[in-house]
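Worksheet: one structure, shown below.
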Amino acid sequence: MATPLATLGVISIGEMGLGIAKLLKANGYRVVTNITTHARAESASLDLVSSDEELASTSDYILSIVPPRDAIATAERIMKVSTSASFAKRETPLYFLDLNAVAPKSVRGIAELFKPAGNNIRILDGAIIGSPPSLKDDHTDPNTVEAWKRPSIPMSGPHVLADAERSGAHLANVLNSQHISEQIGSASGLKMSFAAVTKGFTALAIQSFTTASRLGVLPELQQHLQTYMPKTYEMANASVPVMPPKAYRWVREMEEIGATLAEDGGFEENEAIFGGIARTYDLVANETDLGKEKTGERNRGKTVEDVATLMSEGIDRRKQKMD
Numbered sequence: 008m009a010t011p012l013a014t015l016g017v018i019s020i021g022e023m024g025l026g027i028a029k030l031l032k033a034n035g036y037r038v039v040t041n042i043t044t045h046a047r048a049e050s051a052s053l054d055l056v057s058s059d060e061e062l063a064s065t066s067d068y069i070l071s072i073v074p075p076r077d078a079i080a081t082a083e084r085i086m087k088v089s090t091s092a093s094f095a096k097r098e099t100p101l102y103f104l105d106l107n108a109v110a111p112k113s114v115r116g117i118a119e120l121f122k123p124a125g126n127n128i129r130i131l132d133g134a135i136i137g138s139p140p141s142l143k144d145d146h147t148d149p150n151t152v153e154a155w156k157r158p159s160i161p162m163s164g165p166h167v168l169a170d171a172e173r174s175g176a177h178l179a180n181v182l183n184s185q186h187i188s189e190q191i192g193s194a195s196g197l198k199m200s201f202a203a204v205t206k207g208f209t210a211l212a213i214q215s216f217t218t219a220s221r222l223g224v225l226p227e228l229q230q231h232l233q234t235y236m237p238k239t240y241e242m243a244n245a246s247v248p249v250m251p252p253k254a255y256r257w258v259r260e261m262e263e264i265g266a267t268l269a270e271d272g273g274f275e276e277n278e279a280i281f282g283g284i285a286r287t288y289d290l291v292a293n294e295t296d297l298g299k300e301k302t303g304e305r306n307r308g309k310t311v312e313d314v315a316t317l318m319s320e321g322i323d324r325r326k327q328k329m330d
């Protein structure tokens, strides 16, 4: 009889967490979560547990996939329950996969946080690069990895997922994970460097299109981009309209990128640009109607033109408040 696959705890069931949970379920894993809003978990037939203590005691692996601002607090929650009697009954270490969009410095801090647990908790520094897992449209058996479009999940640190005793090699394959370094911080640094280009570009496009719209030259800007920089035009049209529901999360992510470029890249304060980019996403999330948008329930900002319009309206309201 085949050995059952590992149990995985997923915190939390947002868009990415839900996609990964569905991928894991389709490939034979038991997935548990501890949340107060059950709708998304129930839609994916996930098992619900009543507490962090039960989650940590039940799971072989915990995948932390939370907004960047919650990454450290989530690790603290798991560390807190690691002293419980039920956790002490574990026969194998708990693998904590930090898959959040945070700076290497933040992940190193989380690794320090777990040090008192010794070998009972093994941290892996991970990053998710790409869109949430989703089924392909070719009617392939969903219970195979080939049926899924998957993001890349590079990992780093002294522990290798593929070497883990309980389903490690199989899990690494399902998650499309590659171990890139023995250093905590390498995987998160790769994520920060990647997002600096992609989400940094989106913020520049927002500012550019909004300014052109306020000047009455947005159609001309689009025409010139189409003619002279068609790939850039395509990228802007793909990235800007999908941004609004995510802007609130990206504020902290941009701050984490800024910390990475300073701490690990060596860039000085007068060379920093991501503080301004963080404020751009804060403006989107908190000063415009774009901040009301939710994934799967989109009404506005579905084109670059409408994003520019709503940005302009928000800027005007902000100016009126200040006058």
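Just so you know, the sequence shown maps onto residues 8 to 330 in the working numbering.
Each residue gets a CB set at the ideal place from its N, CA and C atoms; glycine is no exception.
As the structure is a computational prediction, the values presented were derived from the model and not from experiment.
Here Y240 has L232, Q233 as same chain residues with Cβ atoms under 6 angstroms from its own Cβ, once five neighbours each way along the sequence are excluded.
Secondary structure note for D132: its beta strand (DSSP E) is the uninterrupted segment 128-133. The alpha-carbon separation between L104 and D323 amounts to approximately 43 angstroms.
Here R256 is buried: its Cβ has 16 or more other Cβ atoms, across all protein chains shown, within 10 Å. I191 places its beta carbon less than 8 angstroms from that of S163.
From the listed residues A95, M250, E262, P100, the smallest Cα separation to S113 is found for E262. For R324, the uninterrupted alpha helix (DSSP H) run begins and ends at 311-329, by DSSP. The shortest CA-to-CA distance from H177 to any of Q327, L211, G35 is the one to G35. Here A108 has P75, K198, A202, E260, E263 as same chain residues with Cβ atoms under 7 angstroms from its own Cβ, once five neighbours each way along the sequence are excluded. In this structure, the CA atom of G116 is about 17 angstroms from the CA atom of L70. Comparing alpha carbon positions, the residue from T287, G137, T65, G321 closest to T209 is T287.
S184 sits buried, since 16 or more C-beta atoms from the chains shown fall within 10 Å of its C-beta. Look at the stretch 159-188 and you find these whole runs of alpha helix (DSSP H), each 4 residues long or longer: 175-181.
Around the beta-carbon of K301, fewer than 16 other beta-carbon atoms lie within 10 Å, marking it exposed.
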